[in-house]
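S.K.: Structure below; questions to follow.
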Amino acid sequence: GNVGSKVETACRKLGMRVLLNDPPREEREVGQKSGGMEKSVFVDLETVKKEADIITLHTPLTKSGKHKTYHLVDEYFFDTLDKKPFVINSCRGSVVDNTAMKKALKTGKITGTVIDCWENEPDIDRELLQMADIATPHIAGYSADGKWTATKMSLENLNEFFELDVYPIKLMQLPQPNNPVIDLREVEPDHQLAYAVWQTYNPMMETMNLKADPDKFYWFRS
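Residues in the sequence shown are numbered from 1212 upward in steps of one, following the numbering used here.
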């Protein structure tokens, strides 16, 4: 999908070797030209389990059909990993069996996890919450530009439907980040990218708040 493709692009620019497992996209792209760009190479799930150091999930939730993703990552998935990868779920909670993930963490099948999407939201698994390295309340899509785009589209739709001019939409501008200028002069070169990302957005505040009061899951989302 769109998010997964952007993650792929970012990882390649960072020099990572990317293993793509996306059967629907693979079927669509068979026979298509790459347009001068590096052509995506798809692998099966067994290859991902064998070779990946980080597994990040960006798939819709489907409970039936040829490419069902409900509990795609289950106990069998974790038990058949060759490495001990870091697992990131920022798509849909039930793509990962949360009970199986807890067991994988307890038994050392995986190194750690980042969880943004949970099963049974907002009544999320408290034990898994405390075990996660980074835990956020389903806010991965809440970027500044995402909020701005959604607000702009909502106003445009209202204007069109009611034939109004409630706000000069053309004058809307993307809000500035909290730290528009980041000084990297005293940061080691190998750490500059991580430092810049951390200064732009530090997820540990959300992690700390959610772990302290998980009953406010929806409140933290707002």
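Beta carbons: idealized from backbone N, C-alpha and C, even for Gly.
Given the structure is predicted, the values throughout are model-derived calculations rather than measurements.
(1) Note down the Cα distance separating His1349 from Glu1240, rounded to an integer number of angstroms.
(2) Less than 6 Å between C-beta atoms, sequence neighbours within five positions excluded: which residues of the same chain meet that for Ile1326?
(3) Tell me, please, which residues DSSP counts as bridged to Asn1368.
(4) Please determine, among Pro1235, Asp1308, Pro1391, the residue with the shortest C-alpha to C-alpha distance to Lys1277.
(5) Which parts of the region 1254-1293 are runs of the alpha helix (DSSP H), unbroken and 4 residues or longer, counting only runs that do not cross its ends?
(6) Output needed for Thr1273: all residues of its chain with C-beta closer than 8 Å, excluding positions within five of it in sequence on either side, in chain order.
(7) Could you spell out where the beta strand (DSSP E) holding Thr1324 opens and where it closes?
(8) Are Ile1335 and Val1298 closer than 9 Å when you measure CB to CB?
(9) Starting from Val1298 and walking both ways along the beta strand (DSSP E), at which residues does that stretch end?
(10) Measure the Cβ-Cβ separation of Thr1270 and Leu1283 and say whether it is below 9 Å.
(11) Using DSSP bridges, identify the partner residues of Ala1346.
(12) Check each candidate in Ser1275, Tyr1287, Pro1296, Val1252 and name the one with the smallest Cα separation from Leu1268.
(13) If contacts are defined as beta-carbon pairs under 8 Å, then Thr1411 and Pro1388 qualify, I think. What distance do you get, rounded to the angstrom?
(14) DSSP beta-bridge partners for Val1307?
(15) For Leu1421 versus Leu1316, is the C-beta spacing smaller than 9 Å?
(16) Per DSSP, what kind of secondary structure is Leu1230 in: helix, strand or coil?
(17) Round the Cβ separation of Asn1232 and Val1254 to the nearest angstrom and send it over; I've been treating them as touching at under 8 Å.
(18) From Arg1223 to Val1229, what does the alpha carbon distance come to, in whole angstroms?
M.R.: Put simply:
(1) Spanning the two alpha carbons is a distance of roughly 30 Å.
(2) Cβ contact annotation for Ile1326 (same chain, cutoff 6 Å, sequence separation greater than five): Asn1300, Ala1343, Ala1346, in chain order.
(3) Asn1368 pairs with nothing; no bridge assigned.
(4) Each of Pro1235, Asp1308, Pro1391 was checked against the Cα of Lys1277, and the nearest Cα belongs to Pro1235.
(5) Complete alpha helix (DSSP H) runs here, min 4: 1256-1262, 1286-1290.
(6) Only Lys1279, Thr1280, Tyr1281 meet the Cβ criterion.
(7) Its beta strand (DSSP E) spans residues 1323-1326.
(8) Going by beta carbons, Ile1335 and Val1298 fall outside the 9 Å limit.
(9) Residue range 1297-1300 is occupied by the beta strand (DSSP E) that includes Val1298.
(10) Yes.
(11) Looking at the DSSP assignment, Ala1346 forms a beta bridge with Ile1326.
(12) When only C-alpha atoms are compared, the closest one is Pro1296.
(13) With a Cβ gap of about 6 Å, Thr1411 and Pro1388 count as contacting.
(14) For Val1307, which the question treats as bridged, DSSP gives the partners Val1284.
(15) No; because the gap between Cβ atoms is not below 9 Å, this pair is not in contact.
(16) Under the three-state reduction of DSSP, Leu1230 is assigned to coil, being neither helix nor strand.
(17) Indeed they touch by this definition, with Cβ atoms about 6 Å apart.
(18) Rounded to the nearest whole angstrom, the CA to CA distance from Arg1223 to Val1229 is 7 Å.
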